[in-house]
Amino acid sequence: MKNELDKIDRTLDEMLVNLGAIVLKLAAVSKTAAERRALAQSVHQYSVCAGRSSDPRVQRLRAELEATLQPQLKLVSSR
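For the sequence shown, the numbering used here assigns the number 2 to the initial residue and increments by one for each residue that follows.
And the structure:
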């Protein structure tokens, strides 16, 4: 039984890694406000699922995805 649960856990982690990679690609092309809102929802849902995983790849993707929601800072020079 434990062996079966471990196999399911590993399979779910693989799925989360693949899903995280897809959402990360979407983050790179999301431009409009509606796309950014959809991305934020996807990142939130991913983070909830990833919070239950102990796989370091899943946790790394979670951090990367959450970082995509941070506002981009622009360097402004005044003279």
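Every residue, glycine too, gets a C-beta built ideally from N, C-alpha and C.
- For Gln42, the enclosing alpha helix (DSSP H) has its first and last residue at Ala34 to Ala51.
- With respect to Asp14, Val44 sits apart: the two C-beta atoms are not nearer than 9 Å.
- Considering only Asp7, Arg37 and Ser48, the residue with the shortest C-alpha distance to Val18 is Ser48.
- The C-beta separation of Glu65 from Leu6 comes to about 28 Å, leaving the pair out of contact by the 8 Å criterion.
- Taking every protein chain shown into account, the CB of Leu70 has fewer than 16 other CB atoms within 10 angstroms, so this residue is exposed.
- Boundaries of the alpha helix (DSSP H) harbouring Leu27: Lys3 to Val30, taken from the DSSP string.
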